[in-house]
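2 protein chains.
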Amino acid sequence: MAFTISPSPRVRRSPFFSATVEDGVASFSPYNHMLMPTGYGDPEGEYWRLINGVSMWDVSVERQVEISGPDAANLVQILVPRKLDKLKVNVGWYVPICDHRGTIINDPILLKLEENRYWFSIADSDMLLWTRAIAAERELDVDIFEPDVSPLAIQGPKADDVVAALLGESIREIKHFQFKPMSVDGIPLMVARSGWSKQGGFELYLMDASRGYDLWQKIKVAGEPWGIGPGNPNAVERVESGLLSWGGDTDDYTNPFEVRMERYVHLDAPDDVVGIKALREIHAAGIKRHQVGVFINVDGQLEYIDRVSELQMDGSVVGKITAHAWSRRLKRNIGIALVNIDLTVGKTVEIVFQDGRVADGITTELPFI
Amino acid sequence: MAFTISPSPRVRRSPFFSATVEDGVASFSPYNHMLMPTGYGDPEGEYWRLINGVSMWDVSVERQVEISGPDAANLVQILVPRKLDKLKVNVGWYVPICDHRGTIINDPILLKLEENRYWFSIADSDMLLWTRAIAAERELDVDIFEPDVSPLAIQGPKADDVVAALLGESIREIKHFQFKPMSVDGIPLMVARSGWSKQGGFELYLMDASRGYDLWQKIKVAGEPWGIGPGNPNAVERVESGLLSWGGDTDDYTNPFEVRMERYVHLDAPDDVVGIKALREIHAAGIKRHQVGVFINVDGQLEYIDRVSELQMDGSVVGKITAHAWSRRLKRNIGIALVNIDLTVGKTVEIVFQDGRVADGITTELPFI
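Encoded structure:
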């Protein structure tokens, strides 16, 4: 949609904003009361840079909810239906946050900073409100706030080389989902091996917003030998890789089992965990929907589509495609779909787009690649 | 900021979207995981149409949180530090929603539909999550969801004539903040005398998203004799009128007393109301900040500014301007500021804009007009 975005103090600026403007940012998507860069005018180049090289992303919209205080560990376990007793300091885990109905209301990374100090690095919903509501209602002794922390992702097969050039060879020893505090020229960072792509890399959690421009420039310089360039959480790569977009692929009734998050739900988590009783019931009754891939048989390359498409079989609605993409590697149009549990892979479906177009499709396994 | 907005299923479409596109919508602002139209390319004309004529706004981003069930009235009172015993069916009240610290987390209109059925018509934060958290933690018997309801505002001195032409003369008897169910050609509406301007008018709560385009066209036709045209919650008029923009004028520490909402807080509300104890303490201790207007002495007409400006006196920070505007009626640059309680009206302050510019200003009463 080619419309401009009105300036408003309600929509906060990224600390990397001026740097991304200098580098030609062309489009944004709203996220957590901020704007996330979504393109720099060269979708083809930005895609292949992520797949074959290295890309740097302003993902400061992944805001942190910091929880500290005597009851912090207790509260964090109450908020998450995944048992956290094995989560160590300096490790971050992908976790669902569910409401009391067992519906996913966010899918953050939970970073354990100290025994009683955590960050939720959140998707696009107001987890600051949610965590404060639960903490206060249960009268827990915690301090909850949004710290001055803004992630910048470096993703792609050359990401390790770039981050090593910036921060030293020791970063190669950081294992998947580990993180550690580091700094470069006095810029304080939390350096984590994570990121919303399957191409590998790091997220640098900037802990001083006033240094955003500096950090961006230093990464550009460090990454130059590897051809680094600006990019963004890639709407094509994530569909190919089957990564979940909370709020896009999920609706107001989606539980974790429906969207391939079984492994992050422990039904023997404590009884006081929010949603655990509902999740046990849902699991016992059996889920009604699940996620599959769909090969979409239309000519041309599907543009980004901002609404779901309906899936039908024999005239009945059997699900919906929640994300569409032209796969540059598969050279096919593909989609992620949430469908009735009895619709398995290898089936032919009819796709009804919201603009009225109709096409055939074939269900398949996720991820595509 | 002249950037495009990427299509994403995470950002939902307004039922009036195609109609606003046909009518030349040029800019948007993100709000409640949707896009609110903020301009049609003629800010001057759009402003005077609101002041002297009549304007129609897509404010479907004002989403509803519906609460029904045996404990609905009980829950709604728990969520709001204003005593609701005198709120009647078919009346909507402006209410603060506070967290347990007494901080405002939303400032909705609360519409009482039936004895145990309500809508919160919300500002830009996830009240669906908040209300569900409190309801579930207190084990109340309620059903909470977002209904298919999308407000469209008709604002300005000619609004009554237009709405009467559309829905009949009986609408003139609807008093301020009253509402009633009506329909036009089978389009179901809740018609309320309300709206985010001081120019008078109505909000038509569309209760069938599939009829958004139809409703828009019918209002255009009905309003033609009065020169109706598209507009939006006006960033200039609201500063002149001193209307609060939650999330823009407020921060993570703002209580209702600081932002002229004393009359909507009843300290003798029941003890189980969320935040009431904190509000009593805040009130007893005396507030530290309050809102004033500022005349801003800079040449030219201030463009919309998306960040706060700092206010200083004798080199010390004494507050911040949270909204800036060129007042077309006063022909002056003005702002709404949140300042130290001892900074009264008629004082000269130094204004430091975030781009480094410096100017003088004089504090004044709110509203400006």
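From first to last, the protein sequence lines stand for chains A and B. Heads up: the first sequence begins at 1 in the working numbering, then just goes up one per residue. Heads up: the second sequence begins at 1001 in the working numbering, then just goes up one per residue. C-beta: ideal position from N, C-alpha, C; glycine also. This one's a predicted model, so the numbers in the text were calculated from it and none came from an experiment.
- Taken residue by residue, none of the segment 1071-1092 of chain B has a beta-carbon sitting less than 9 Å from a beta-carbon on chain A.
- Per DSSP, the unbroken alpha helix (DSSP H) holding P43 of chain A starts and ends at 43-52.
- Annotation for I187 of chain A: the continuous beta strand (DSSP E) segment containing it runs 187-192.
- A Cβ-Cβ separation of about 13 Å leaves F257 of chain A out of contact with I276 of chain A under the 8 Å criterion.
- Rounded to whole angstroms, V91 of chain A and H100 of chain A show a C-alpha spacing of 27 Å.
- Between L1244 of chain B and I97 of chain A, the alpha-carbon positions lie close to 32 Å from each other.
- Scanning chain B for C-beta atoms nearer than 7 Å to the C-beta of A26 of chain A yields F1003, T1004, reported in chain order.
- Put simply, the CB of P9 of chain A is near chain B, with a gap under 8 Å to one of its CB atoms.
- Between E240 of chain A and Y205 of chain A, the alpha-carbon positions lie close to 26 Å from each other.
- Along the segment 304-318 of chain A, going in chain order, the ones with a CB nearer than 7 Å to a CB of chain B are Y304, I305, D306, R307, V308.
- Interface annotation, E137 of chain A: in contact with chain B, CB-CB separation under 8 Å.
- Collapsing the DSSP output to three states places Q217 of chain A in a helix.
- In the structure shown, N90 of chain A falls within a coil segment according to DSSP collapsed to helix, strand and coil.
- Close to A1323 of chain B, with beta-carbon spacing below 8 Å, are these residues of chain A in chain order: P9.
- Taking the Cα positions, T1103 of chain B is about 11 Å away from W1246 of chain B.
- Nearest to I351 of chain A by C-alpha distance, out of A:V236, A:L302, A:E310, is A:E310.
- In this structure, the alpha-carbon of A1359 of chain B lies about 46 Å from that of R49 of chain A.
- The three-state secondary structure of M182 of chain A, taken from DSSP, is strand.
- Contact annotation: in the segment 104-137 of chain A, residues whose CB is within less than 7 Å of a CB in chain B are I105, D124, S125, D126, L129, W130, R132, A133, I134, A136, E137.
- Taking a contact to require three or more Cβ pairs closer than 8 Å, the segment 157-169 of chain A and the segment 212-227 of chain A qualify as touching.
- Between R13 of chain A and chain B, the shortest Cβ-Cβ separation is below 8 Å.
- Per DSSP, E1137 of chain B is one residue of the alpha helix (DSSP H) stretching across 1127-1137.
- D99 of chain A has a beta carbon lying within less than 8 Å of a beta carbon in chain B.
- Against chain B, the beta carbon of S197 of chain A has no neighbour under 8 Å; the closest one sits roughly 17 Å away.
- A straight-line Cα-Cα distance of about 36 Å links N1234 of chain B and W216 of chain A.
- Here P1015 of chain B is buried. Its C-beta has 16 or more other C-beta atoms within 10 Å.
- Residue-level contact by beta carbon fails for S170 of chain A and chain B, as no gap is shorter than 8 Å.
- Taking all protein chains in view, the Cβ of E1173 of chain B is surrounded by fewer than 16 other Cβ atoms within 10 Å, so the residue is classified as exposed.
- Y31 of chain A sits in a strand when the DSSP states are folded into three classes.
- For Q77 of chain A, the enclosing alpha helix (DSSP H) begins and ends at 72-79.
- The beta carbons of M1036 of chain B and V1059 of chain B sit about 7 Å from each other, so the pair counts as a contact at 8 Å.
- If you look at H1100 of chain B, you'll find it isn't in any beta strand (DSSP E); DSSP assigns it neither H nor E.
- For the pair of segments examined, the segment 125-143 of chain A was found not to touch the segment 40-54 of chain A: the number of CB pairs separated by less than 8 Å stays below three.
- Those residues of the segment 1240-1254 of chain B placed with their C-beta closer than 9 Å to a C-beta in chain A are S1245, W1246, G1247, G1248, D1249, D1252, ordered along the chain.
- Contact annotation: V273 of chain A and V80 of chain A have beta-carbon atoms nearer than 8 Å.
- Among the residues of chain B, those whose CB is under 7 Å from the CB of G39 of chain A are S1006, following chain order.
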